[in-house]
Amino acid sequence: MVPDVVHNQRLLKLAANTSVREAARQMAGRGVGAALVVDGDRLEGIFTERDLLNRVVARDLDLDKTRLSDVMTKNPATISADAGAMEALRRMHDGGFRHLPVLDGTRLVAIVSLRDFFGAEFQELEREVAFQENVIAGRP
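Here it is in structure tokens:
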């Protein structure tokens, strides 16, 4: 399950009218690579380190005047809290992104990142993949 790979969660939720400078400060302060842009409990978008680099810095936008709503990824891909960890990893790989918001119904409960799959979780995923490959190949 996706929640099994999310440890030491530092979920950062910000409003769409937050300045990019403030978002970057909060992301750096919490040691996270993404902020979830919300309106109340509703996920509107995601703002990542890549967005900061490619959509703000590379375009020489003003960090104080630019709002998250201007540069966030709107309606990001999400995954259900009851989905498997491999499905989350596959979705991130296929979509070319490093962060994936996790929803329980419509409620935002977490964010999973590629970093979450390192270490023991990655080893567990390797075991799971090997098991599934053996099942498919008909090996015990």
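Offset between the sequence shown (1-based) and the numbering used here: plus 1.
Glycine is no exception: its CB is placed at the ideal position from the N, C-alpha and C atoms.
Since this is a predicted model, take the numbers as computed values, not measurements.
R128 beta carbon near the ligand FMN (any heavy atom closer than 7 Å): Only the bare structure without any ligand can be found here, which leaves the ligand FMN out of the picture.
Residues sharing a beta bridge with P102, DSSP: BP columns for P102 point to I112.
Beta strand (DSSP E) runs contained entirely in the region 25-60, provided each spans 3 or more residues: For the region 25-60, whole beta strand (DSSP E) runs of length 3 or above, ordered along the chain, are 35-40 and 43-49.
Nearest-angstrom Cα separation, counted from N135 out to D71: When the Cα atoms are used, D71 and N135 turn out to be separated by approximately 48 Å.
Closest to H100 by C-alpha separation, out of R68, R91 and D42, would be which residue? Closest by alpha carbon: R91.
Nearest CA to the CA of L37: which residue from G30, V57, L69 and G139? Put simply, of G30, V57, L69 and G139 the residue whose alpha carbon is nearest the alpha carbon of L37 is L69.
Assigned exposure category for F48 - 16 Cβ within 10 Å defines buried: Flag for F48 reads buried.
So, helix, strand or coil for L15, using DSSP? Looking at L15 - three-state DSSP - the assignment turns out to be strand.
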